[in-house]
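Take 7 as the starting number for the sequence shown in the working numbering and just add one per residue. One structure is given below, encoded as structure tokens.
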Amino acid sequence: MDGETTKTPVSPAPEALDGTQKEEEADHVMSEIHLGCPPKFSGSVVSHFTFSLPPGVEYIEGKYEYQVLDDSKLNQEVSLDDDGDLALPRRNKHPKDKFDVAIQHNITSSIPKVGLQVWRAELALSDFVLHKMFTSSEFNGIVAVELGAGTGLVGMLLARVAETVFLTDHGVEILENCASNVHLNARLLPTKTSVYVRELDWKASWPPKQDNCLACESYAWSQSEFEELERASLLVAADVIYSDDLTDALFRTLERLMSHGIEKVLYLALEKRYNFSIDELDVVANGYSHFRNYLRDETDDAENKEVENGSLRAFVGTRIDLTMIPQYAVNYNRGHDLELWKIRYAPTI
Ligand SMILES: C[S@@+](CC[C@H](N)C(=O)[O-])C[C@H]1O[C@@H](n2cnc3c(N)ncnc32)[C@H](O)[C@@H]1O
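In structure tokens, the structure reads:
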């Protein structure tokens, strides 16, 4: 990821690992968002992710505004200067045509701690969210929730225009890291926006209670925050499809969230991961197929028949063509295995 301009190691990799640690390291995974890091470095770093604004877009008082350059206005401004020379109108220059988000993240992690890393789907979702924010007012003043937020990048981008953003994940280390990122980027976030880092474990009982997370009291929900979830109109999630039981737990949580309060839409970015299957003697994306089984495609007649026959799928999914979304995150490689889905909850009873 070339878009990371500065990297500051926060905690060095352990010099010597004991037996257990070595074993754990064998199970370590690495996202591709690590270029430019010191060689063999596996600890925590702060990277600056740069996002560029399209021409004419400016961030003013908690909103992105698109400035239409009006020709007639420009013409009126043409005049002669004191020396009698033609004074050409200056285009309103936008010095802030890019901005940086500082993200503290790991270069590698164990599988339970993948939320300490930044994954490519998070950057693709960032592009999508920014594109919406640059071209419409749809996300202005809303309540939004990021699920499996990890480092919290997308949620923090949303916080630039939203009224309230909940960055949710599970496990104290991931939540603490996410909270550090909110702190690191305080200057980017309007004071009127409320940003909460909260524990939302898809496998835990519902509703999430304060005593769900004894070790991380400050990430537990208050009653009023929990009620505010009903007012959320937007859910976002990136790279949360990689294990079938987690996908099941995620969709259970989505059903709980999306069947209450005002209508919600989920934008979910995923990385399609392929494995060789001995059973099928082929390369397959099983995790992806499991995810697709949750979705009904309203335009697909065969699927509609299945629904009539009793296999009810409560979620309607529409794939968004990522090639139509400009890349605002500087220099990351989208590849062909990233997908973006718009998902609604629409039970057919
Ligand atoms: C591959 S990471 C993606 C993180 C971030 N969205 C990104 O793309 O950079 C998967 C995320 O799902 C979270 N997750 C895994 N199991 C979870 C659970 N039971 N409840 C809530 N979040 C979970 C992980 O902690 C992690 O943050």
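Think of the CB as a built atom: it goes at the ideal place given N, C-alpha and C, for glycine as much as any other residue.
Nearest candidate by alpha-carbon position, reference residue i, set the options
| i | options | result |
| --- | --- | --- |
| V201 | V124, L173, R340 | L173 |
| F57 | E64, L344, D106, G68 | D106 |
| V242 | P213, E345, T199, A155 | A155 |
| K402 | Q333, A255, E304, T157 | This structure does not reach residue 402, given that the chain is present from 7 up to 355, and the question cannot be answered. |
| L129 | E234, K348, D175, R340 | R340 |
| D327 | H342, P214, V336 | H342 |
| P214 | H176, Y338, I109, A192 | H176 |
| P353 | R319, M330, V336 | R319 |
| F47 | G68, P60, S115 | S115 |
| D251 | W208, M264, W227 | W208 |
| G68 | P61, R193, S224 | R193 |
| E304 | G62, R325, Y248 | R325 |
| L59 | Y248, T141, H296 | T141 |
| M264 | E286, P196, A238, D33 | A238 |
| K198 | P61, Y248, G147 | G147 |
| L195 | Y248, H111, D254, I66 | I66 |
| K102 | A210, Q110, P61 | P61 |
| K270 | V149, A210, S50 | V149 |
Assumed close pair residue i, residue j - CB separation to whole angstroms, cut-off 8 Å
| i | j | result |
| --- | --- | --- |
| A244 | L131 | 4 Å |
| V35 | I113 | At roughly 11 Å, the Cβ-Cβ gap does not stay under 8 Å, so V35 and I113 are not in contact. |
| F321 | Y294 | With 8 Å as the limit, F321 and Y294 do not qualify as a contact, their Cβ atoms being about 15 Å apart. |
| L206 | L153 | 7 Å |
| E236 | I268 | 7 Å |
| I39 | V120 | At roughly 12 Å, the Cβ-Cβ gap does not stay under 8 Å, so I39 and V120 are not in contact. |
| A108 | V52 | 6 Å |
| E233 | T170 | 12 Å between Cβ atoms; not a contact. |
Close Cβ partners of residue i (< 8 Å) along its chain, the five nearest in sequence each way excluded
| i | result |
| --- | --- |
| F145 | V135, K138, M139, L164, V167, A168, L240 |
| D288 | F282 |
| E231 | F172, Y202, R204 |
| R126 | S37, E38, I39, D245, E277, Y338, N339, R340, G341, L344 |
| T259 | L153, L206, W208, W212 |
| T157 | I109, Q110, H111, G121, L122, Q123, V124, E128, N183, C184, N187 |
6 Å Cβ shell around residue i - same chain, five flanking residues per side excluded
| i | result |
| --- | --- |
| E71 | E64 |
| G323 | L301, W347, I349 |
| R262 | W212 |
| F297 | I247, T253 |
| Y280 | V289, A291 |
| L92 | Only weak support exists for where L92 lies, its pLDDT of 49 falling under 50; the value from the coordinates is given anyway. Correct list: empty, nothing qualifies. |
First and last residue of the uninterrupted beta strand (DSSP E) at residue i
| i | result |
| --- | --- |
| D327 | It is not in any beta strand (DSSP E) - D327 carries neither H nor E in the DSSP assignment. |
| T170 | 170–175 |
| F55 | 50–58 |
| S283 | 281–283 |
| R258 | Taken as a continuous stretch (DSSP letters only), R258 belongs to no beta strand (DSSP E), being part of the alpha helix (DSSP H) at 250–264. |
| V63 | 63–66 |
| L241 | 240–244 |
| S272 | The residue you asked about is not Ser; residue 272 is Leu in the sequence shown. Per DSSP, L272 belongs to the beta strand (DSSP E) from 271–277. |
| A150 | 149–153 |
| E144 | Run containing E144: none; DSSP gives neither H nor E here. |
| I247 | Segment: none, I247 is in no beta strand (DSSP E) and carries neither H nor E. |
| I4 | One cannot answer for residue 4 here, as it falls past the ends of the chain, which runs 7 to 355. |
| D103 | Careful: D103 lies outside any beta strand (DSSP E) and carries neither H nor E. |
| E71 | 69–72 |
The alpha helix (DSSP H) enclosing residue i, as first and last residue numbers
| i | result |
| --- | --- |
| V135 | 126–141 |
| N183 | 178–190 |
| L202 | The sequence shown places Tyr at residue 202, not Leu. No alpha helix (DSSP H) contains Y202, which is instead part of the beta strand (DSSP E) from 200–205. |
| F297 | 292–298 |
| V160 | 159–164 |
| Q229 | 229–234 |
C-beta neighbour in chain B for residue i, strict 9 Å
| i | result |
| --- | --- |
| A335 | This model lacks chain B altogether; it includes just one protein chain. |
Sequence-distant residues of its chain with Cβ nearer than 7 Å to residue i (five each side left out)
| i | result |
| --- | --- |
| A335 | G9, F55, F57, L129, S132, D133 |
| D33 | S116, I117 |
| V249 | Residue 249 is actually Ser in this sequence, not Val. G293. |
| H266 | E236 |
| I331 | D133, F134, H137 |
Residue i beta carbon near ligand 2 (any heavy atom closer than 8 Å)
| i | result |
| --- | --- |
| T114 | With respect to ligand 2, the structure shown offers nothing to examine, as its ligands consist of ligand 1. |
Fill in: At least three beta-carbon pairs within less than 8 Å, the region 181–197 to the region 266–280
No contact exists between the region 181–197 and the region 266–280.
### Query
Within the chosen definition, does the region 146–164 reach the region 184–193 through at least 3 CB pairs nearer than 8 Å?
Enough Cβ pairs lie closer than 8 Å, so yes.
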